[in-house]
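What follows is a short report on a single structure.
2 protein chains.
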Amino acid sequence: MIRSIDVAGSNLTIAWEKSAPENGGSAVFPAIWLRDNCRCPECRHAGNGQRLYEITDLPEDLAIGAAVLSDDKAVRITWQPGGHVSTFTPAWLADHDLSAEARRGRKRPVKLWSKAIGTEMPIGDWRQMVSDPAAELAFLDTFHAHGFGLIRNSPTVPGTVLQIGNHLGFVRVTNYGALFDVKSVANPTNLAYTPVGLGVHSDNPYRDPTPGVQLLHCLESTAPGGDTLLVDGFNAAEILRREAPDAFDLLTRVPVNFRFRSNDADLMARQTLISVDEGGNVVGVHFNNRSLDWLDAPAAMVVPWFAAYRKFAEVLHRPEGELIFRLEPGDCVVMQNDRALHGRTAFDPSKGSRHLQGAYVDKDGLESRARVLRRQIAEDKGVAA
Amino acid sequence: MIRSIDVAGSNLTIAWEKSAPENGGSAVFPAIWLRDNCRCPECRHAGNGQRLYEITDLPEDLAIGAAVLSDDKAVRITWQPGGHVSTFTPAWLADHDLSAEARRGRKRPVKLWSKAIGTEMPIGDWRQMVSDPAAELAFLDTFHAHGFGLIRNSPTVPGTVLQIGNHLGFVRVTNYGALFDVKSVANPTNLAYTPVGLGVHSDNPYRDPTPGVQLLHCLESTAPGGDTLLVDGFNAAEILRREAPDAFDLLTRVPVNFRFRSNDADLMARQTLISVDEGGNVVGVHFNNRSLDWLDAPAAMVVPWFAAYRKFAEVLHRPEGELIFRLEPGDCVVMQNDRALHGRTAFDPSKGSRHLQGAYVDKDGLESRARVLRRQIAEDKGVAA
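Just so you know, the sequences run in chain order A and B.
The first sequence begins at 752 in this note's numbering and counts up one residue at a time.
The second sequence begins at 752 in this note's numbering and counts up one residue at a time.
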């Protein structure tokens, strides 16, 4: 609850009561920020919430004419010039606090992992997930924290991967089709379609945009070998940052090309091996030795870049980072493609079968799904999300 | 052709003959870079060209043991330790020169435009494009230079937009489906589905990844109004850089959230309004007043960011930047969604019809298509691409 408000210059300052959840303290909101957050039906479409004005429609000399605390402790601001009125509830203001502490608190937790994750793997049961929104949300939350998750007990019917993908998000059709069969074939267009072992990698880094999430669904798994390897690319990047900060820095700054050619495609994308956000947090790792194109960088960057790349590869290949498990029929591993790097051990197709089906879905679809489920569950409980 | 080669430390230096196309001069190639570009069948899969080793498989103390010019003027290098041999043709080395000049020369030209583009609009004829690879490639080249293109003479049959999209690239299914109908409806989920005018914007900046290319295909166009507006966001960004460099800089550094909520989706993406590459070149513009979320940035950034945003909006709304034209049935405008911002004038649905169908395709699909066509055309001429 709000104890008092104060206008100084172009800022509104709110002093909170010493009760939960704000627990005293204060929050500062700039005038233009508040005005642009007006939710009145003149400013936002009542149905879809979209903004109905352009920023240039607001007065350039905008100022808080008056700010009062209404009887229900909402803040009512009258703007000058023009006299437009905006109202903000205490709950909304508390949720949108711009202080460094509040902004940190809103960050989604990232749980780094290594081989030691072992028995605490993020696992969901498909039959539960499709019948219980809370089970599906729990899976999505652990998926978002770890960058991967294993779904068990899905049908062992070809095409199931599309059913799972379209349930969780939007399947993205690529040059490999809506789904692709991972098994050993003659004349493979990609090394994935051979029985050789594959070091951990991101899929399709030569796509712009690179697929955000990959699903691999197991239909058959009797061939010896072919175990799945997963490495947390974010954890590896943090290890690199500690052990070789200059190498880390270089890999976040020098973009490289990835490329894939086939009869009907010639795909190229340019990106850094490690991406960081404006706060320096690791937000993406793309690594693929097979499709890294020739290094098109200034000559002086070449030797340091290769040294950094080698160091990062060495970190990624450390056994203590590798989670190894076997996909059984009905299992579907869901991987954030720019974080959970995957590979496999070699397998022997002469002694059994190994058949996976894969598909890509957009990363934000799974995040949207989690928000929608959270909203539905809250509504079912009669609580506003 | 190569005149001579020289090994100094870990670099190979090539002196070119004074004949075309290299015209004298020299080029320096670092040893590790050359080794990683070995195309022998041990290093690359003969079928698909993918790399068969990890960077950590190369010796850490790699050095050029010997480098000789073969009789056909190719460079043959024997590596130490290990004795692996790599061969590079003069043409390949010339194409992969790492000098600043050579790297600049390989950049694809970007042609900035404004209203004045008028009669020089990039236009393709669909019937020609599907029958003549050279016509299709010419359209794709002008599309890539300008960030948009207009296809005429396509069928006026519903669903044609998917046919065009899947011909040029890969249609991306979104929360709006594989295609979406742009016409005035009751209870719209999006302001696009009303008759109001829309300021220029990027579509779906709340998607991660944001759709790279949008197609809008016209089926009916008898309602008064509803003309299409296009603005070159790259040109606007360059104007901003000249007129207000600090504002430009801020918009490249401070990411903002975009968000869209409906019954079955709650999509959010975080990105800067202007993206630049490592050389400072503008490579992306995302602008959408309707779906810009509240500014979740440090409080001290708020006032300068809004000032920069207002200035950029003012530049984007200048009439001299606005290309205005009318889509007629059978026309399909193809827009690079992070460059060619689009809008429309208001229309009167009581006095006629306006029905467009839209779809999104991945940006790299059109680039792949252009490379494949270029390769095919070269092969048909008996020339290696």
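Note that CB positions come from ideal geometry on N, CA and C, so glycine has one too.
DSSP places B:Asp892 within a helical segment (H, G or I) once states are collapsed to three. Distance from the CA atom of B:Phe985 to the CA atom of B:Ala1064, rounded to whole angstroms, is 13 angstroms. For B:Trp1045, there is no enclosing alpha helix (DSSP H), as DSSP marks it with neither H nor E. Proximity of the stretch 809-818 of chain A to the stretch 1064-1073 of chain B falls short of the contact definition, fewer than three beta-carbon pairs being nearer than 8 angstroms. The beta-carbon of B:Trp877 is placed no less than 9 angstroms from the nearest beta-carbon of chain A.
In summary, the residues of the stretch 997-1016 of chain A whose CB is separated from some CB of chain B by less than 9 angstroms are Arg1004, Val1005, Pro1006, Arg1010, Phe1011, Arg1012, Ser1013, Asn1014, Asp1015 and Ala1016, in the order they occur in the chain. At a cut-off of 9 angstroms between beta-carbon atoms, A:Met1019 makes contact with chain B.
As summarised for the stretch 781-814 of chain B, the continuous alpha helix (DSSP H) elements at least 4 residues long and confined to that stretch are 782-787, given in chain order. Residues of chain A with a Cβ closer than 9 angstroms to the Cβ of B:Leu1043 are, in chain order, Asp787, Arg802 and Ile806.
A Cβ-Cβ separation of about 15 angstroms leaves B:Val933 out of contact with B:Gly1103 under the 8 angstroms criterion.
Using a CB distance cut-off of 9 angstroms, B:Lys866 does not count as an interface residue toward chain A. Not a single CB atom of chain A sits nearer than 9 angstroms to the CB of B:Ser953. The three-state reading of DSSP puts B:Asn1088 in coil, since its state is none of H, G, I, E or B. When the alpha-carbon of B:Asp823 is set against those of B:Ser1101, B:Thr838 and B:Ala885, the nearest one is in B:Thr838. About 5 angstroms separates the beta carbon of A:Ile753 from that of A:Pro841, a gap short enough to meet the 8 angstroms contact definition.
The beta carbons of A:Thr925 and A:Ser935 sit no closer together than 9 angstroms. A Cβ-Cβ distance of about 6 angstroms is found for the pair A:Asn938 and B:Gly798, placing them in contact under the 8 angstroms criterion.
At a Cβ-Cβ threshold of 9 angstroms, B:Asn1039 and B:His1106 do not count as neighbours. Contact annotation for B:Val1053 against chain A: Phe780, Pro781, Ile783, Trp784 and Leu849 [CB-CB distance below 9 angstroms, chain order].
Straight through space, the alpha carbons of A:Gly920 and A:Gly1030 are spaced by roughly 28 angstroms. Less than 9 angstroms separates the beta-carbon of A:Gly948 from that of A:Gly1094. Within the stretch 1060-1078 of chain A, Tyr1060, Arg1061, Ala1064, Glu1065 and His1068 place their CB atoms closer than 7 angstroms to a CB of chain B, listed in sequence order. Ranked by Cα distance from B:Ser1042, the options B:His847, B:Phe780 and B:Pro956 are led by B:Pro956. Under the three-state reduction of DSSP, B:His897 is assigned to helix. Of the candidates B:Val982, B:Ala778, B:Leu942 and B:Ala1059, the residue whose Cα lies closest to the Cα of B:Pro1070 is B:Val982. The three-state secondary structure of B:His918, taken from DSSP, is helix. Between B:Glu1118 and chain A, the shortest Cβ-Cβ separation is below 9 angstroms. About 4 angstroms separates the CB atoms of B:Met880 and B:Glu887; that is less than 8 angstroms, so the two are in contact. Counting only the Cα atoms, B:Gly963 lies some 6 angstroms from B:Gln1087. B:Tyr927 has its alpha-carbon roughly 24 angstroms from the corresponding atom of B:Glu1079.
Around B:Thr925, the beta-carbon contacts reaching into chain A at under 7 angstroms are Phe921. According to DSSP, residue pairing for B:Glu971 in a beta bridge involves B:His1106. For A:Leu930, DSSP assigns no beta-bridge partner whatsoever. Listed in chain order, the positions of the stretch 1084-1117 of chain B with a beta carbon within less than 9 angstroms of a beta carbon of chain A are Asp1113, Lys1114, Asp1115 and Gly1116.
For A:Leu1046, the nearest CB of chain B lies under 9 angstroms from its own CB, placing it at the interface with that chain. Under the three-pair Cβ rule at 8 angstroms, the stretch 892-905 of chain A does not count as touching the stretch 1018-1034 of chain A.
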